[in-house]
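A short worksheet on the structure shown next.
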Amino acid sequence: MAFGWGIISTGLHPENKIAPAITAADGGELVAVYSRDQGRAAAFAERHGASVAYSSLEDLLRDSRVDGVFISSPNSLHAGQAMQAAEAGKHVLSEKPMTTTLRDALDMVRACRDRGVKLGVGFELRHNPGHIVARDLVRDGTLGRVTLAQGQWGFGSRGQEVFPPREGLRQWWDDPEAMGGASTMMGTGVHVMDLLRFVMGQEIVEVAAITDGQTDARPLEQIAVLSLRFGNGTLGTLVCGRLLPDTRNDLAIYGISGRFTSRETVWEAQKGEIEVISDTVNRTDSYPENYLANFIAQTEDFQQAVAEDRDPAATGVDGLRVVEVTLAAIESARTCKTIKIEPVEI
Numbered sequence: 000m001a002f003g004w005g006i007i008s009t010g011l012h013p014e015n016k017i018a019p020a021i022t023a024a025d026g027g028e029l030v031a032v033y034s035r036d037q038g039r040a041a042a043f044a045e046r047h048g049a050s051v052a053y054s055s056l057e058d059l060l061r062d063s064r065v066d067g068v069f070i071s072s073p074n075s076l077h078a079g080q081a082m083q084a085a086e087a088g089k090h091v092l093s094e095k096p097m098t099t100t101l102r103d104a105l106d107m108v109r110a111c112r113d114r115g116v117k118l119g120v121g122f123e124l125r126h127n128p129g130h131i132v133a134r135d136l137v138r139d140g141t142l143g144r145v146t147l148a149q150g151q152w153g154f155g156s157r158g159q160e161v162f163p164p165r166e167g168l169r170q171w172w173d174d175p176e177a178m179g180g181a182s183t184m185m186g187t188g189v190h191v192m193d194l195l196r197f198v199m200g201q202e203i204v205e206v207a208a209i210t211d212g213q214t215d216a217r218p219l220e221q222i223a224v225l226s227l228r229f230g231n232g233t234l235g236t237l238v239c240g241r242l243l244p245d246t247r248n249d250l251a252i253y254g255i256s257g258r259f260t261s262r263e264t265v266w267e268a269q270k271g272e273i274e275v276i277s278d279t280v281n282r283t284d285s286y287p288e289n290y291l292a293n294f295i296a297q298t299e300d301f302q303q304a305v306a307e308d309r310d311p312a313a314t315g316v317d318g319l320r321v322v323e324v325t326l327a328a329i330e331s332a333r334t335c336k337t338i339k340i341e342p343v344e345i
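Quick note: the sequence shown, position 121, residue 120 per numbering that gives the first Met the number 0, numbers continuous.
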C-alpha cells in the first residue's frame with residue numbers, strides 16, 4: 000500500500016517542492032493537507048491532487064489514511080505539531096530547522112521515540128549524489144586526514160543593498176521569535192551545517208560566528224561567516240547570506256592525500272559538478288539540473304525507513320545537533336566569543 004502523506008502548512012516550500020515530490024515519488028500518496036484557512040487548504044489540495052483538505056490539525060491527525068506528515072509551518076511551531084502527530088501515531092518529517100530551541104528539539108525527539116514513530120528532518124542536500132561521493136571519500140580515508148571542510152549557500156540580486164521584507168504569509172520570516180533568532184543561518188546555514196556533519200561523519204564542537212545581525216538594532220542577520228571545529232580536530236568554514244549576487248555555492252574538502260571540490264552542488268535542486276584529486280582516486284562527474292530530485296529521494300528514503308524500520312537519512316538527532324550548533328552560532332555572533340558545544344544526552 001502507498002504511504003499516506005499529510006502536509007502541515009501550505010506555503011511556497013510545500014507548494015513548489017514537497018507536494019510535487021510526494022506526487023512524483025514511488026510508493027507515496029498525498030492524502031491530506033492542513034492550513035488554518037479552509038479555502039487555502041482546499042485550493043492547495045486541488046492543485047496537488049490531495050484527497051482532502053483540513054483547517055483543523057486535529058482532524059488531519061485523526062485521518063486513518065495518513066501514515067506520516069511533512070511539517071512546513073513557521074520554525075517555532077514545528078515541535079508542538081510534531082508532538083501532536085507523534086501522539087496520534089503519525090511518522091514525522093520536519094522541515095528545517097527542526098526547532099528554534101534546544102528544549103523543543105529534545106521534546107520532539109523524545110516524543111517520537113517514545114511513541115515509536117520515525118522522525119526525520121528535511122536536509123535534502125544529503126541526497127545530492129556528489130555529496131554522497133564526498134562522504135564516501137572521507138569515510139574510506141581516500142583523502143587522508145581531512146584538515147579543512149568548507150561549504151557555502153548564499154544568493155542575492157545585483158544592486159540590492161538590503162534584502163526586502165516579506166509580504167503576506169511569509170512575514171514570519173522577518174519575526175525574530177518565529178525564526179528563532181537568526182535569518183540566513185536558519186534559512187540556508189543549517190543546511191550547510193548538516194552537510195558538513197554528513198560528509199565529515201563528525202560533530203561540530205566549536206563555533207565562532209561573525210554576522211551583520213544579532214544586535215538590538217538588527218536582530219536578524221543577512222550574511223554570516225562561521226568558523227568551525229569538528230570533534231576530530233578538522234577545521235571548517237561556513238558562509239551563508241542573502242546579499243551575495245552571482246554566488247557559487249560550493250563544497251570543498253581538503254585532506255593530506257587529496258581533495259574533493261564541488262561546483263554549485265550546495266543548492267536545493269540536484270545539479271553541479273565534482274572533482275576528486277587524490278593519490279588513488281581521480282574523477283570528475285557532473286549532474287544535470289533536476290529541481291525535484293533531492294526532494295523525491297528524501298521522500299522515498301523516509302517511506303522506506305518506515306517500511307524497513309530503520310533511521311531516515313537525516314534523523315531527529317541530526318536535527319537536534321544542528322539546533323545546538325545554530326544556537327551556539329547565534330550566541331557567538333551576539334557575544335563576539337567562540338562557543339564550545341557540549342552535545343546534550345537524549
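Backbone N, C-alpha and C fix where the C-beta goes; we use that ideal spot for every residue, glycine too.
Please read these numbers as outputs of a predicted model, since none were measured by experiment.
Among the options, nearest to residue i - alpha-carbon criterion
i	options	result
Leu243	Asp278, Arg282, Phe162 and Leu195	Phe162
Ile349	Glu28, Asp66 and Cys111	Residue 349 lies beyond the residue range present for the chain, which begins at 0 and ends at 345; the question has no answer from this structure.
Leu124	Ala332, Leu227, Asp62 and Met192	Met192
Val265	Leu56, Gly129, Leu105 and His77	Gly129
Leu319	Val189, Asp36 and Glu205	Val189
Gly212	Ala104, Cys335, Ser50 and Ser226	Cys335
Gly121	Ala24, Gly315 and Ala327	Gly315
Pro311	Gln37, Lys117, Ser285 and Ala20	Lys117
Leu326	Val206, Val51 and Glu57	Val206
Asp58	Glu28, Lys89 and Leu76	Lys89
Thr337	Arg114, Leu225 and Ala23	Leu225
Glu202	Lys339, Thr98 and Thr210	Lys339
Gln37	Val275, Thr9 and Asp113	Thr9
Arg61	Ala84, Gln80 and Thr141	Ala84
Asp215	Pro175, Ile209 and Leu237	Pro175
Gly232	Ala208, Val204 and Asp245	Val204
Leu56	Lys270, Asp317, Val91 and Gln80	Gln80
Ala31	Ser50, Ala23 and Val321	Ser50
Glu341	Arg228, Arg39 and Ala40	Arg228
Residue burial classification, residue i (beta-carbon count within 10 angstroms, cutoff 16)
i	result
Ile329	buried
Ile17	buried
Gln159	exposed
Asp249	buried
Gly5	buried
Glu166	exposed
Leu11	exposed
Ala78	buried
Arg196	buried
Leu147	exposed
Ser63	exposed
Asp66	buried
Ser331	buried
Ser285	exposed
Sequence-distant residues of the same chain with beta carbon closer than 8 Å to residue i, five excluded per side
i	result
Arg247	Gln151, Arg262 and Glu263
Arg241	Gly153, Phe154, Gly155, Phe162, Ser182, Thr183, Gly186, Gln221 and Ile222
Leu234	Thr146, Leu147, Ala148, Ser226, Leu227 and Arg228
Beta-carbon proximity list for residue i, same chain, < 7 Å, skipping 5 on both sides
i	result
Gly352	This structure does not reach residue 352, given that the chain is present from 0 up to 345, and the question cannot be answered.
Arg35	Ser54
Val137	Val145, Val198, Met199, Gly200 and Ile252
6 Å Cβ shell around residue i - same chain, five flanking residues per side excluded
i	result
Pro164	Asp173
Asp245	none
Is there contact here, the stretch 164-172 with the stretch 289-309, by at least three beta-carbon pairs under 8 Å? No contact exists between the stretch 164-172 and the stretch 289-309.
Taking three-plus beta-carbon pairs below 8 Å as touching, is the stretch 67-74 in contact with the stretch 37-47?
Contact between the stretch 67-74 and the stretch 37-47 is absent, with fewer than three C-beta pairs closer than 8 Å.
Exercise. Is the stretch 274-286 close to the stretch 246-260, with three or more CB pairs under 8 Å?
Worked result: The stretch 274-286 makes contact with the stretch 246-260: 3 or more CB pairs, one atom from each, lie closer than 8 Å.
| said: Quick check: the stretch 125-144 against the stretch 102-109, are at least 3 beta-carbon pairs closer than 8 Å? | reply: Taking a contact to require three or more Cβ pairs closer than 8 Å, the stretch 102-109 and the stretch 125-144 do not qualify as touching.
Open item on the list: Could you tell me which whole beta strand (DSSP E) segments of length 3 or greater appear in the stretch 166-251?
Closed with: Positions of the beta strand (DSSP E) runs, each at least 3 residues long and wholly inside the stretch 166-251, are given as 203-210, 222-229 and 234-240 in order along the chain.
**Report entry** Complete beta strand (DSSP E) runs within the stretch 52-86 (minimum length 3 residues, chain order)
**Finding:** As far as the stretch 52-86 is concerned, its whole beta strand (DSSP E) runs of at least 3 residues are 67-70.
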